[in-house]
Amino acid sequence: MFRYWNKTAFRHIQSTRRRIPTASLTVGISTTLLCLTSLAVAGRNHTTIRLDSSLEDEISSEEDKLKQTAQERFQRPRWVDEEWLPAENFLYSGPTWWPKKRAGIVRCDALIVTSNPESEDSIAVYFTEDPKTDYDSRSYLALFDGHNGISMSYFLSQHLITHVANALSKLPQQFDMSGIFDDGYDHDHHDSASSLSGPQHDLISDTIKQAFKDIDDAMIDVTEVLSSPSKTNAIRTLRHAHSGSCALLSIYEPETRTLRVALTGDSRAVLGRKVQEGGGEGTEKREVYEVLVLSQDQNAHNPSEVARLEAEHPGEQVVKDGRVMGWGMARAFGDAAYKWSLDIQKQLYERYLGDPIRSNMKTPPYLTAEPEVTATRIQKGDFLIMASDGLWDCLTSEEAVGLLGLWLSTNHDSVYNSSSSPPPPSSSSSPQDPSQIQTEAQYHETPPTLKSPTDTNTYLRHQLPLKIPLDKDGKDDKTVFYPWWRAKKRFVNRDENPTAHLARNALGGADSDLTEALMSITSPRSRRYRDDIGIIVAFF
Numbered sequence: 001m002f003r004y005w006n007k008t009a010f011r012h013i014q015s016t017r018r019r020i021p022t023a024s025l026t027v028g029i030s031t032t033l034l035c036l037t038s039l040a041v042a043g044r045n046h047t048t049i050r051l052d053s054s055l056e057d058e059i060s061s062e063e064d065k066l067k068q069t070a071q072e073r074f075q076r077p078r079w080v081d082e083e084w085l086p087a088e089n090f091l092y093s094g095p096t097w098w099p100k101k102r103a104g105i106v107r108c109d110a111l112i113v114t115s116n117p118e119s120e121d122s123i124a125v126y127f128t129e130d131p132k133t134d135y136d137s138r139s140y141l142a143l144f145d146g147h148n149g150i151s152m153s154y155f156l157s158q159h160l161i162t163h164v165a166n167a168l169s170k171l172p173q174q175f176d177m178s179g180i181f182d183d184g185y186d187h188d189h190h191d192s193a194s195s196l197s198g199p200q201h202d203l204i205s206d207t208i209k210q211a212f213k214d215i216d217d218a219m220i221d222v223t224e225v226l227s228s229p230s231k232t233n234a235i236r237t238l239r240h241a242h243s244g245s246c247a248l249l250s251i252y253e254p255e256t257r258t259l260r261v262a263l264t265g266d267s268r269a270v271l272g273r274k275v276q277e278g279g280g281e282g283t284e285k286r287e288v289y290e291v292l293v294l295s296q297d298q299n300a301h302n303p304s305e306v307a308r309l310e311a312e313h314p315g316e317q318v319v320k321d322g323r324v325m326g327w328g329m330a331r332a333f334g335d336a337a338y339k340w341s342l343d344i345q346k347q348l349y350e351r352y353l354g355d356p357i358r359s360n361m362k363t364p365p366y367l368t369a370e371p372e373v374t375a376t377r378i379q380k381g382d383f384l385i386m387a388s389d390g391l392w393d394c395l396t397s398e399e400a401v402g403l404l405g406l407w408l409s410t411n412h413d414s415v416y417n418s419s420s421s422p423p424p425p426s427s428s429s430s431p432q433d434p435s436q437i438q439t440e441a442q443y444h445e446t447p448p449t450l451k452s453p454t455d456t457n458t459y460l461r462h463q464l465p466l467k468i469p470l471d472k473d474g475k476d477d478k479t480v481f482y483p484w485w486r487a488k489k490r491f492v493n494r495d496e497n498p499t500a501h502l503a504r505n506a507l508g509g510a511d512s513d514l515t516e517a518l519m520s521i522t523s524p525r526s527r528r529y530r531d532d533i534g535i536i537v538a539f540f
């Protein structure tokens, strides 16, 4: 959080030492100065402690100075703005991509706001260069929310899209609609709806699920470790397995306008869809938004997840105090201690510096990396919000969609007016090249200097442009952080970037002092007030 760092851990304080005659030796640091003098008495040497009369006046003066110094209390220096990064530096630190027109995604923004010393959230995206010629015309947007370290989330950001894309590329191409579309949308052809159900959809979903499980199985495998006596090899080989991560992957097929969302963990994807409201006699037309939740949080608050866990582990208290075996999510990559057999854990503990078996561990595995996959037909003007639980602890799905609808009311042209977009990228690579996954489209970093907002209003949650208005009293709001901050939700529309807009309103909204305060709390205390927040927004 700090821009300013102390140049030295300790400041060197110079001290002066009063010179004492060579016959004396200073032996104390109290206000009484003791002098030792060697005197020859009766032919014998005696060490006598005495107060040298020649020093009485000087000592008295010294004591007065010490008393005066003690009365001058230390004054805490006041903080200055230059020592702290303003919130805008965090809210505007993410990229914006403008993919090729035929990719079907008009614009995509991403942002990570950290709470941990090193963010455990990671993001990866891939956009096709040319859907006509590339072997895979799909776009991939991935968000990873790590825990117990960054190892697994970072690893997945480098490898998951590649592996899923390669697996999907091996499927038979039953749909070839490349000649139907001029703008990435099919306005007349309705047979493509069959891709949302039936054998083709099941085959694609099963392939995605298997790709997720393949990666996780490989990362927690201990065959190589147990075949070697090396502790170093064990620690380095299993470094990702001890870490964990949720994974949220959205795959958009421009030919069928199908958006598939695969979720492992408690991140969430929601879709906003514009509809017209009113326009009848005596009423004005206005644009409002429907909310389509594309994934279900896999945690202890999801009844289907609780039922699954109880069926797999009858008689065990797998879910307690709103957590699954002590964790917030019910599915995850890594976290091998909750997947390895008890025998494997015993061997790792005894031979390879492994962790002791947890007391509540009886019948692993408790966690799985297998995702749930949904499919949705996209309409022109839809937008997608993907976010880690750090955002959803602050905003509901409805609030997020309403806020983005509010943002579009003043920023529509920056999304859909092609003249406001930067030039397209000059080159692109296929997802077979993991080093290029995050840089396929034009990278643009919005400067942290903001223009004067055109909308200076403050909005309450029931004033957001939603088809089904939110409760004015917030009785339907189950988010946790605003009550923890003892603050009321009041939203603003002042940001030029959609992810900054969502993050700002998640972290204080109209209360700019609260926003700055939250961003000024440093780790580890910051985790009590906010989590890492990862956001991806895509406009279709």
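Oh and the sequence shown: position 487 is 487 in UniProt numbering, straight run, nothing missing.
A virtual CB, placed ideally from N, CA and C, is assigned to each residue, including glycine.
Values in this document were obtained by computation on a predicted structure and should not be read as measured data.
Next item on the list: Taking Q210 as the reference, give the member of L263, E118, V225, K475 with the closest Cα.
Entry: Sequence index remark: in the sequence shown, residue 210 carries index 210 (1-based). Minimum Cα distance to Q210 is reached at L263.
Item checked: Range covered by the beta strand (DSSP E) that runs through K274 -> Residue numbering aside, residue 274 sits at position 274 when the sequence shown is read from its first letter. Where K274 is concerned, the enclosing beta strand (DSSP E) starts and stops at 268-277.
Check: Among E72, L249, G328, which one has its Cα closest to the Cα of F144?
Finding: What you label residue 144 is simply residue 144 of the sequence shown in a count that begins at 1. Distance from the Cα of F144 is smallest, within the candidate group E72, L249, G328, for L249.
Notebook entry, point to check: Taking the C-alpha atoms as reference points, what is the distance between D214 and V324?
Noted result: What you label residue 214 is simply residue 214 of the sequence shown in a count that begins at 1. What you label residue 324 is simply residue 324 of the sequence shown in a count that begins at 1. Computed Cα separation, rounded: 23 angstroms.
Next item on the list: Under 6 angstroms Cβ to Cβ from V261, same chain only, skipping five residues before and after it: list those, please.
Entry: The residue you call residue 261 lines up with position 261 of the sequence shown. Here the set comprises S250, A269, L294, S295, T374.
Next item on the list: Identify whether G402 lies in helix, strand or coil by the three-state DSSP scheme.
Entry: Mapped onto the sequence shown, residue 402 falls at position 402. Helix, per DSSP.
Next item on the list: With DSSP collapsed to three states, give me the class of S368.
Entry: For the purposes of this step, residue 368 is taken as the residue at position 368 of the sequence shown. The sequence as given places Thr at residue 368; Ser does not occur at that position. T368: coil per DSSP, three-state reduction.
Check: Assuming L168 contacts T207 under a Cβ cut-off of 8 angstroms, what Cβ separation, rounded to an integer in Å, is found between them?
Finding: Start at 1 with the first residue of the sequence shown, and residue 168 comes out as number 168. Start at 1 with the first residue of the sequence shown, and residue 207 comes out as number 207. The C-beta distance from L168 to T207 rounds to 6 angstroms, short enough to meet the 8 angstroms contact threshold.
Check: What is the DSSP secondary structure of K320, reduced to helix, strand or coil?
Finding: Working through the sequence shown from its first residue, we reach residue 320 at position 320. Correct three-state label for K320: strand.
Notebook entry, point to check: Leaving out five residues before and five after Y349 in sequence, what residues of the same chain have Cβ atoms less than 6 angstroms from its Cβ?
Noted result: The count along the sequence shown starts at 1 and reaches residue 349 at position 349. Answer for Y349: P356, listed in chain order.
Check: When you compare only the Cα positions, how much space is there between H147 and T458?
Finding: Locating residue 147 in the sequence shown gives position 147, counting from the first residue. Locating residue 458 in the sequence shown gives position 458, counting from the first residue. Distance between the alpha carbons of H147 and T458 is about 35 angstroms.
Checklist line | First through last residue of the alpha helix (DSSP H) which encompasses V164 | finding: For the purposes of this step, residue 164 is taken as residue 164 along the sequence shown, with counting starting at 1. Judged by DSSP secondary structure, V164 falls within the alpha helix (DSSP H) whose first and last residues are 151-169.
Item checked: Proximity winner among G508, G322, L226, relative to I344 (alpha-carbon distances) -> Walking along the sequence shown from the start, residue 344 turns up at place 344. Minimum Cα-Cα distance from I344 among the listed residues G508, G322, L226 corresponds to L226.
Item checked: Contacts around V113, its chain only, beta-carbon distance under 6 angstroms, and the 5 residues preceding and following it disregarded -> Counting from one through the sequence shown, the residue named residue 113 turns up at place 113. The beta carbon of V113 is closer than 6 angstroms to those of F90, A503, I533 in its chain, skipping five residues each way along the sequence.
Next item on the list: Report the rounded CA-to-CA distance for I204 versus T258, giving the unit in angstroms.
Entry: Along the sequence shown, read from residue 1 onward, the residue named residue 204 stands at position 204. Along the sequence shown, read from residue 1 onward, the residue named residue 258 stands at position 258. If you draw a straight line from the Cα of I204 to the Cα of T258, it comes to about 12 angstroms.
Item checked: L342 burial status per 10 Å Cβ neighbour count (16 or more: buried) -> On the sequence shown, position 342 is the one that residue 342 refers to. So L342 ends up on the exposed side.
Notebook entry, point to check: Is it right to say H501 is buried, meaning 16 or more other beta carbons lie within 10 angstroms of its own, or is it exposed?
Noted result: Position 501 of the sequence shown, counted from the first residue, corresponds to residue 501. Looking at its Cβ environment, which holds 16 or more other Cβ atoms inside 10 Å, H501 is buried.
Notebook entry, point to check: How long is the line joining the alpha carbons of P229 and K339, rounded to whole angstroms?
Noted result: In the sequence shown, the residue the question calls residue 229 occupies position 229. In the sequence shown, the residue the question calls residue 339 occupies position 339. Their backbone Cα atoms lie some 22 angstroms apart in a straight line.
Margin query: Count Cβ pairs between the region 399-406 and the region 454-468 that sit closer than 8 angstroms; are there 3 or more?
Written below: Taking a cut-off of 8 angstroms for Cβ pairs, the region 399-406 and the region 454-468 touch, as three or more such pairs fall below it.
Next item on the list: Indicate the three-state DSSP secondary structure (helix, strand or coil) for H147 in the structure shown.
Entry: Translated into positions along the sequence shown, residue 147 becomes position 147. Residue state for H147 is assigned as strand, using DSSP reduced to three classes.
Note to self: Using only the alpha-carbon positions, how far apart do R528 and P483 sit?
What the structure shows: Here the question's residue 528 lines up with position 528 in the sequence shown. Here the question's residue 483 lines up with position 483 in the sequence shown. Cα-Cα distance, rounded: 13 angstroms.
Check: Considering only residues of the region 286-347, which uninterrupted beta strand (DSSP E) runs meet the minimum length of 3 residues and lie entirely inside it, listed in chain order?
Finding: Scanning the region 286-347 from its first residue to its last, the whole beta strand (DSSP E) runs of 3-plus residues come out as 286-293.
Item checked: DSSP three-state assignment for I535, whether helix, strand or coil -> For the purposes of this step, residue 535 is identified with residue 535 of the sequence shown, where counting begins at 1. I535: strand per DSSP, three-state reduction.
Notebook entry, point to check: With burial defined as no fewer than 16 other Cβ atoms inside 10 Å of the residue's Cβ, what is the status of F540: buried or exposed?
Noted result: To locate residue 540, count along the sequence shown from 1; it is residue 540. The residue is buried, with at least 16 neighbouring Cβ atoms inside 10 Å.
Notebook entry, point to check: Taking Cβ to Cβ, would you say residue 568 is nearer than 8 angstroms to D121?
Noted result: Beyond the ends of the chain as shown, which are 1 and 540, falls residue 568; an answer cannot be given.
Margin query: Spatial neighbours of E516 within its chain, please: C-beta separation below 6 angstroms, excluding the five flanking residues on both sides.
Written below: Within the sequence shown, residue 516 is the residue found at index 516, counting from 1. A87, listed in sequence order.
Notebook entry, point to check: Should I399 be labelled buried (16 or more other beta-carbon atoms within 10 Å of its own) or exposed?
Noted result: As a working mapping, residue 399 is identified with position 399 in the sequence shown. Rather than Ile, the amino acid found at residue 399 in this sequence is Glu. E399 is buried by the Cβ-count criterion.
Notebook entry, point to check: Would the beta-carbon of L271 fall within 8 angstroms of that of T376?
Noted result: On the sequence shown, residue 271 is found 271 positions in, with the first residue counted as 1. On the sequence shown, residue 376 is found 376 positions in, with the first residue counted as 1. The answer is yes: Cβ separation under 8 angstroms.
Checklist line | Distance between A332 and L367 (C-alpha atoms, nearest Å) | finding: The residue you call residue 367 lines up with position 367 of the sequence shown. The residue you call residue 332 lines up with position 332 of the sequence shown. So the two alpha carbons sit approximately 6 angstroms from each other.
Next item on the list: Name the two residues that bound the continuous beta strand (DSSP E) containing residue 541.
Entry: In the structure as shown, the chain starts at 1 and stops at 540, and residue 541 therefore has no counterpart that could be examined.
Next item on the list: Evaluate the contact criterion for the region 64-84 versus the region 102-118: three or more CB pairs, one atom per stretch, below 8 angstroms.
Entry: Fewer than three Cβ pairs drawn from the region 64-84 and the region 102-118 lie within less than 8 angstroms of each other, which leaves the two stretches out of contact.
Notebook entry, point to check: DSSP state of Y252, grouped into three classes?
Noted result: As a first step, residue 252 must be located in the sequence shown, where it is residue number 252. In the structure shown, Y252 adopts extended strand secondary structure according to DSSP, grouped into three states.
Margin query: Taking only three categories from DSSP, how would you classify L203?
Written below: Here residue 203 is taken as the residue at index 203 of the sequence shown, counted from 1. Three-state result, L203: helix.
Next item on the list: On a CA-only basis, which of G244, Y289, H313, P303 is nearest G322? Give me that one, please.
Entry: Within the sequence shown, residue 322 is the residue found at index 322, counting from 1. The candidate whose alpha carbon is nearest that of G322 is P303.
Next item on the list: Can you have a look at D513 and say buried or exposed, based on whether 16 or more other CB atoms are within 10 angstroms of its CB?
Entry: Along the sequence shown, read from residue 1 onward, the residue named residue 513 stands at position 513. When all chains shown are included, D513 counts as exposed.
Item checked: Same chain only: Cβ atoms within 7 angstroms of T237, ignoring 5 sequence neighbours per side -> Translated into positions along the sequence shown, residue 237 becomes position 237. Taking C-beta separations shorter than 7 angstroms and ignoring five residues to either side along the sequence, the partners of T237 in its chain run E224, V225, following chain order.
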